[in-house]
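A quick write-up on the structure given underneath.
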Ligand code: ZN
């Protein structure tokens, strides 16, 4: 199959990171397609926000239901009976970690992209992320990129514009792309499902706010 190098598929949740990636992709590719996943997350309104952001940005939007992922492994993002870790536990990952999530998402995204003749795939994972989720690390992404190419005999390129930057620099990138206010007001990063500046208390809100305050104070 002939691959189109002018189109990118963005794995898109409607949060700060993947929305920044969506606009990064719009700057770097002629056409952008967004793929969101329903994976049993408690706050499924995030996919409706994602849909709105994509449509407003003139980006083709697709939603795929992969809810089985949330039921495979115990985690506090999909199981309402588990109290969410506020900090990273000693020597482990917080229970907000959904095991295999990025492995599933990116593998499914690659099959989906292949069907559409797209070989550029963009994901907002960051190794600088405080949580240390193993499937956000650069080594995992590079390894998976090789695996996907071997699995389908294709030339996928996984792009990770946020891999080596922290939240402060992610806000700087949003500003550079001209979407700081859009990302601040319309995205949802909060683990309690509150849009924009969020609940202010959960780990995701704290990280996001600290980054924003840092960026605005040094601007
Ligand atoms: Zn929050």
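Residue numbers (my numbering): 3 to 221. Beta carbons are placed, not taken as given, at the ideal position from N, Cα and C, and that holds for glycine.
Check the DSSP bridge columns for residue i and list the partner residues they point to.
i	result
residue 11	35, 123
residue 63	36
With a threshold of 16 other CB atoms inside 10 Å of the CB of residue i, please say whether the residue is buried or exposed.
i	result
residue 136	exposed
residue 152	exposed
residue 60	exposed
residue 117	exposed
residue 9	buried
residue 2	What the structure shows of the chain is the stretch from 3 to 221, and residue 2 is not part of that stretch, so it cannot be assessed.
residue 141	exposed
residue 130	exposed
residue 26	buried
residue 218	exposed
residue 3	Confidence is the limiting factor: at residue 3 the pLDDT is only 49, short of 50, which leaves the residue's position unreliable and the question unanswerable from this model.
What is the DSSP secondary structure of residue i, counted as helix, strand or coil?
i	result
residue 160	strand
residue 165	coil
residue 154	helix
residue 72	helix
residue 188	helix
residue 148	helix
residue 203	coil
residue 140	helix
Contact criterion: CB-CB distance below 8 Å. Does residue i meet it with respect to chain C?
i	result
residue 54	In the structure shown, chain C cannot be found, because there is only a single protein chain.
Name all residues in chain order for which at least one heavy atom of the ligand ZN lies closer than 7 Å to the residue's CB. Taken from the N-terminal end onward, the list reads 192, 193, 194, 196, 200, 201, 202, 203, 204, 206, 207.
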